[in-house]
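One structure is given below, encoded as structure tokens.
2 protein chains.
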Amino acid sequence: MALQGKKLINNPDDVVTEFIEGLVETYQGLQYLDGFPEIKVVLRADAVGGAYDKVAVISGGGSGHEPAHAGFVGPGMLTAAVSGDVFASPPVDSILAAIRAVTGTMGCLLIIKNYTGDRLNFGLAAEQAKSEGYKIEMVIVGDDCALPPPRGIAGRRGLAGTILVHKVAGAAADAGLSLADVAAEAKHASEAVGTMGVALSVCTLPGQVTSDRLGPEQIELGLGIHGEPGAAVVELQTVDVVVEHVLKQILSQETQYLPITRGSNAVLLINGLGATPVMELMIAARKAVPELQLEYGIAVDRVYTGTFMTSLDMAGLSITIMRSDENILQRLDAPTKAPAWPVGSEGNRPPAKFPVPVPPSPSMKDDEILSERQELSKQGCMLEAAIEAAAKELIDLKDNLNDWDSKVGDGDCGTTMYRGATAILEDMKTRYHLNDAAGTVNEIGSTIRKVMGGTSGILG
Amino acid sequence: MALQGKKLINNPDDVVTEFIEGLVETYQGLQYLDGFPEIKVVLRADAVGGAYDKVAVISGGGSGHEPAHAGFVGPGMLTAAVSGDVFASPPVDSILAAIRAVTGTMGCLLIIKNYTGDRLNFGLAAEQAKSEGYKIEMVIVGDDCALPPPRGIAGRRGLAGTILVHKVAGAAADAGLSLADVAAEAKHASEAVGTMGVALSVCTLPGQVTSDRLGPEQIELGLGIHGEPGAAVVELQTVDVVVEHVLKQILSQETQYLPITRGSNAVLLINGLGATPVMELMIAARKAVPELQLEYGIAVDRVYTGTFMTSLDMAGLSITIMRSDENILQRLDAPTKAPAWPVGSEGNRPPAKFPVPVPPSPSMKDDEILSERQELSKQGCMLEAAIEAAAKELIDLKDNLNDWDSKVGDGDCGTTMYRGATAILEDMKTRYHLNDAAGTVNEIGSTIRKVMGGTSGILG
Chain A
1 MALQGKKLIN NPDDVVTEFI EGLVETYQGL QYLDGFPEIK VVLRADAVGG AYDKVAVISG
61 GGSGHEPAHA GFVGPGMLTA AVSGDVFASP PVDSILAAIR AVTGTMGCLL IIKNYTGDRL
121 NFGLAAEQAK SEGYKIEMVI VGDDCALPPP RGIAGRRGLA GTILVHKVAG AAADAGLSLA
181 DVAAEAKHAS EAVGTMGVAL SVCTLPGQVT SDRLGPEQIE LGLGIHGEPG AAVVELQTVD
241 VVVEHVLKQI LSQETQYLPI TRGSNAVLLI NGLGATPVME LMIAARKAVP ELQLEYGIAV
301 DRVYTGTFMT SLDMAGLSIT IMRSDENILQ RLDAPTKAPA WPVGSEGNRP PAKFPVPVPP
361 SPSMKDDEIL SERQELSKQG CMLEAAIEAA AKELIDLKDN LNDWDSKVGD GDCGTTMYRG
421 ATAILEDMKT RYHLNDAAGT VNEIGSTIRK VMGGTSGILG
Chain B
1 MALQGKKLIN NPDDVVTEFI EGLVETYQGL QYLDGFPEIK VVLRADAVGG AYDKVAVISG
61 GGSGHEPAHA GFVGPGMLTA AVSGDVFASP PVDSILAAIR AVTGTMGCLL IIKNYTGDRL
121 NFGLAAEQAK SEGYKIEMVI VGDDCALPPP RGIAGRRGLA GTILVHKVAG AAADAGLSLA
181 DVAAEAKHAS EAVGTMGVAL SVCTLPGQVT SDRLGPEQIE LGLGIHGEPG AAVVELQTVD
241 VVVEHVLKQI LSQETQYLPI TRGSNAVLLI NGLGATPVME LMIAARKAVP ELQLEYGIAV
301 DRVYTGTFMT SLDMAGLSIT IMRSDENILQ RLDAPTKAPA WPVGSEGNRP PAKFPVPVPP
361 SPSMKDDEIL SERQELSKQG CMLEAAIEAA AKELIDLKDN LNDWDSKVGD GDCGTTMYRG
421 ATAILEDMKT RYHLNDAAGT VNEIGSTIRK VMGGTSGILG
């Protein structure tokens, strides 16, 4: 029997409404419209009731992309978010309900990802709202860079770049701009942004079985955010190679998707697709920044690394690049209370490194290097051989030790021992007074404390 | 051949230093000490150089728990974080380097998770720092509630509750309190917090093979954050059942781990273990809040839902409860620039729901219910039978349609059709004028628009 994907959920039909209830329990500034299960709208608690005096910015679409879109509702970003069922566009009535709930005299901007269902439903809701007397503008985001043109009638898909458009529009609205000006800034931003993703696993819909489309050593390039198959399946690579490839696609001179050339400024967004650890996202950011700066001559003004626009429980990431200018940076840096927008990425960066402070006294022996190697005594030679044999044995045992340790602990004993043994072999060449056996034992202890960490290190 | 866990990394030995480089690229207020690979210390760029005029708060431990601990460095929280290798305590020298880098005349509080390696390494570093003239205090956090006492010589493990202790101590330090007072607040917080976790998958160490310890329909209760086996393995349950069980363990009257009784106030932290989608975390939060309030009589003051203290790529979550009082709430609500601390959970909650706005005119027919059913004509009966047959056919085809759709799209076509067909059968009983075939077709369209969403809905 094929197994359902393992998820911490209740009834698969209730995942979206239950998500919204939990979101609103967590964030005090959010409310939802009392229209479950059809109407699934999250809004700013301080912007309801028709008295909102700024341009309302509304986005949304199918669910399964959490924290998008509801996690980006807050002062300075979205005024409301409309959720459909998982991977299904929200119906017209719920979009209308959101518009009616938060739109005041300044009007409302709808930011829509470029999918047929979203364009139709949001478009019809906009027409209906206009007929009710609301001022409405729409901006469509299609930031996908995975497929070369022509891309069929549907055009480029809307991906994580949409989040940056939300931020620009939300900050512009918060600054008190008119609907036309907010829409113009959002459109400008949407034309300056490109995204491409890479997946390690296929997402599983709630209550459905997990696909075996992707082999255990394969990754998918240029995927959509609804589990659509990607543009290509390749063997798993190091993240550095993956990042290089994705940046090359986004910045391709052939497709010319992005108005970015050598000398441009840009911001970078590294987005986890749902099941990607923060560690891996940061490792990708670490590669992308110098790659953009050194290989493409692009100045990276800001880096946003985190989980923004997901595809349920998919492992993998997408990279988004947006050309930046003074005004866009000001909008991106503007404060917001939207819970899922990252804190601490704004402003300019000081140097990344700071020198290690020197100890107050030169008493520590760790860094001493023997200026000249003494002739080894016979005893010294034996000690050297013994240490070398023991260290090499530990190095050979690495995998076995890890294996045994994983039965009772965290499975890193072999790796830790390997690190210690390697450092001992290294330091022995330059730092150990091998003719003095007792001194050498102390020196080994110092090496171990320096590199091994964990409990073994300190007991050494 | 056993396969390595799929990860977006480069050399497994470099994951920690590369994570730190990416983190510092992302957050402008952070720096790291230039001592790679041995010294892995992230610090506030504005607190270095020995001139820091508040109590420095330092934490750390093995890596693999990202964003902890480095993601919690920032004004109002940690002053520096010391990282060891994956799941290995940092060596004494790197802890000492962190202390020397950020400690001024007010002194330094070390917050340590209760593991043997951390206690030894941080403890020795503290002694060494004191001998260099620094004022140092230590607080140990052991918030694990999974195992009943006695728990062996090592005692209760430090888990995600440590993050709340960081926040309390960081805010107290930021308020200008003395080292003794900051340490007292941290100790008070550490004694009021309890945590228990549940895992859907076992974590995989970088470069190692994935464990098959957990079957495809099993979950593990009461796990550690280093891949240690949990207290029990059980069949996968709904998240509501899992949350009930975990809360019962944490609040057990038998272990009396937490000083919380009926009538107490508390804060709740729902923590993803690395690969858990935001959707699932929020669904857990949705259950935990009313469960605490209604079943245990505990007032929930704040909810923090997100990814704070992980176990590499483990799927699952932990729940933390901390007894709250005026002072703790003030510390938790105090502003911080630490990137991984959640924004928007502070302050008191307004009502969660807001009524759906009524349309401006009563022209919409959606909500009309037939006051009295007309006798059906022969044609009306035939139409009713035809609609019923078609709808039931769609309902039966749900799984097949999902399956076919997953080959070309997002695999939800069957579910969407099922939802529409079910609503049609429902509305037909009360809303369709079946004697009027053309009218009925319009009414079906209205039903579909209301519930189906997606592209099918709007085309309907």
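Heads up: the sequence lines are chains A and B, in that order. Here the first sequence stands for residues 1 to 460, where the numbers follow full-length UniProt numbering. Here the second sequence stands for residues 1 to 460, where the numbers follow full-length UniProt numbering. No residue lacks a Cβ here, since even glycine has one placed at the ideal position from N, Cα and C.
Where L221/A is concerned, the enclosing beta strand (DSSP E) starts and stops at Q218 to L221.
In the structure shown, I328/B adopts helical secondary structure according to DSSP, grouped into three states. Under the Cβ criterion of 8 Å, K6/A is counted among the residues facing chain B.
Residue contact with chain A for M417/B: absent (no Cβ-Cβ distance below 8 Å to any residue of chain A).
Any Cβ of chain A closer than 8 Å to the Cβ of P357/B would place that residue at the interface, and such an atom is present. The count of Cβ pairs closer than 8 Å, one atom from the region 268-283 of chain A and one from the region 311-325 of chain B, reaches three, so the stretches are in contact.
For I444/B, no chain A residue has a C-beta closer than 9 Å to its own C-beta; the minimum C-beta separation is roughly 14 Å.
The C-beta of R44/A comes no closer than 8 Å to any C-beta of chain B. Taking CB atoms only, K130/B has no neighbour in chain A less than 8 Å away.
Counting along the chain, M282/A sits inside the alpha helix (DSSP H) bounded by residues V278 to P290. Judged by DSSP secondary structure, S318/B falls within the beta strand (DSSP E) whose first and last residues are G316 to R323.
Inclusion of A160/B and N271/B in the CB contact set at 8 Å is warranted, their separation being smaller than that value. The Cβ of R100/B sits closer than 8 Å to at least one Cβ of chain A. Judged by their CB atoms, A284/B and V303/B are not nearer to each other than the 8 Å cut-off.
Excluding the 5 residues flanking it on each side, A186/A has same chain C-beta neighbours closer than 7 Å at L109, I111, V139, V165, V168 and A169, in chain order. Between R349/B and chain A, the shortest Cβ-Cβ separation is below 8 Å.
Listed along chain B, the residues sitting closer than 7 Å to E18/A by beta-carbon distance are I283 and R286. Under the three-state reduction of DSSP output, D427/A falls in the helix class.
As the crow flies, the alpha-carbon of I321/A is around 53 Å from that of Q253/B. In its chain, beyond the 5 residues on either side, V92 have a beta carbon closer than 6 Å to the beta carbon of L124/B. The region 378-394 of chain A makes contact with the region 409-427 of chain A; the number of CB pairs closer than 8 Å reaches 3 or more.
Taken through DSSP and simplified to helix, strand or coil, C203/A comes out as coil. In the DSSP annotation of this structure, the continuous segment of the alpha helix (DSSP H) that includes V16/B starts and ends at V15 to T26. According to DSSP, residue pairing for A299/B in a beta bridge involves N265/B. Of E291/A, P206/A and E127/A, the smallest CA-CA separation from G64/A is found for P206/A. It is roughly 34 Å from the alpha-carbon of D325/B to the alpha-carbon of R100/B.
DSSP links V57/B through a beta bridge to L109/B. At a cut-off of 8 Å, the C-beta of L269/A has no neighbouring C-beta in chain B. K54/A is classed as buried because its beta carbon has at least 16 other beta carbons within 10 Å across all chains shown.
Counting only the Cα atoms, A231/B lies some 10 Å from P148/B.
Check the Cα spacing between M196/B and each of E244/B, K40/B and G222/B: the tightest is with G222/B. If the five residues before and after G380/B are omitted, its C-beta is found closer than 7 Å to the C-beta atoms of L434 and N435, all from its own chain and listed in chain order. In the DSSP assignment, D396/A forms no beta bridge with any residue.
A266/B and R262/A have their C-alpha atoms spaced approximately 54 Å apart.
Leaving aside the five residues that flank G104/A on each side, the residues in its chain whose CB is nearer than 8 Å to its CB run, in chain order, G50, A51, Y52, D53, K54 and A56. Proximity of chain B to M452/A at the Cβ level (cut-off 8 Å) is accounted for by A88 and P91, in chain order.
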